[in-house]
Amino acid sequence: MLKNKGSKKRSENLRKHGKKCAKNEGNNRTIVLMTRLRLGVHAIILDMDGVITNTMPDHFRSWKIILNRIGIPVTHYDVYCREGQRGIHSVRELTAQYGKPLGDRQTHRILKEKEVYFKRIVRLRFIPGARTFLKQLYKNNFRLALVTGTSRHEMCRILPASLRRLFTVIVTGSDVHHGKPHPEPYLLSLKKLGLKAREAVVIENAPFGIQSAKRAGLQCLALETSLPRKYLKGADAVFGSVKELSDSVRFNNLNGKK
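Note that our numbering numbers the sequence shown so that position 16 is 130, with each residue one more than the last.
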């Protein structure tokens, strides 16, 4: 049986198109997300450490110094993958992981020592492009929410009032019983915003934050500011930098206010 030349050509074109689509899957997903921003997303919910402020190196140094004192050799991965978790839970998990579980009194003492050391060494540094991005979102009428595992007192010390004023809602580790990866922090932010999950998008940079957002039913964009892409599984799209994300949004086409 002779094959229809037109049919054969269409099949070849479809195969080529399929390969091109697979190659550009990440870009296509980004386009879909950015289209949704124009169609019904009214709020952007952001993590703080690693998304706005570049304070994760100071957190890592603090954990490393304090836990090394009791013989626990924490790694970069140990700390960065737990970003967003309440500190008390981090102490319990890390000490248990290395076979040195502590009682409640010792656990709270270790956390206090870590917090004191962090306050002593922390320096305010911003993720490149983060401040401009926040102001662009605000200018384009998106409601902003901050969801961080950091305590409210610590958040106020780190984040300048000029930026805190941009946020309609701020949820800290002091406001929840369960930190990330539990969905409570993001569910609380939605409740305070008075929005449904489909009306907001999260920007995160760590596995626990991504898991928390997804469990709350939210779309989540991830930044490679702290960890490489392979650790950011579950995010709806991954960006190499804030600038790359900002360029994708095309602010002149957006209006998020509800």
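From the three backbone atoms N, C-alpha and C, an ideal C-beta is built for every residue, glycine too.
Item, Value
"Residue environment, residue 349, which counts as buried when at least 16 other CB atoms sit within 10 Å", "buried"
"6 Å CB neighbourhood of residue 283 in its chain, flanking five on each side removed", "259, 303, 306, 307"
"CB-CB length for residue 201 against residue 228, believed under 8 Å", "7 Å"
"Counterpart residues of residue 338 in DSSP-defined beta bridges", "In DSSP, residue 338 forms no bridge with anything."
"Euclidean distance between Cα positions of residue 251 and residue 296", "27 Å"
"Contact belief for residue 293 with residue 198 at Cβ below 8 Å, rounded distance in angstroms", "7 Å"
"DSSP three-state assignment for residue 318, whether helix, strand or coil", "strand"
"Residues near residue 291 by beta carbon distance below 8 Å, same chain, minus five either side", "298"
"Distance CB(residue 346)-CB(residue 317) smaller than 8 Å", "no"
"Reduced DSSP category for residue 189 - H, G, I as helix; E, B as strand; rest coil", "coil"
"Backbone secondary structure at residue 236 - three-state DSSP", "coil"
"Backbone CA spacing between residue 184 and residue 315 [nearest angstrom]", "40 Å"
"Beta-carbon gap between residue 157 and residue 309 smaller than 8 Å", "yes"
"Residue 74, DSSP secondary structure in three states", "Coverage of the chain is limited to positions 115 through 372, which leaves residue 74 absent and any answer about it impossible."
"Helix, strand or coil at residue 158 according to DSSP, with G and I counted as helix", "strand"
"Any non-hydrogen atom of the ligand ATP closer than 7 Å to residue 301 Cβ", "The ligand content of the structure shown is nil, which means the ligand ATP is not present either."
"C-beta contact flag for residue 320 and residue 340 at 8 Å", "yes"
"Same chain, Cβ closer than 8 Å to residue 58, neighbours up to 5 away in sequence not counted", "For residue 58 there is no data in the structure shown, the boundaries of the chain being 115 and 372."
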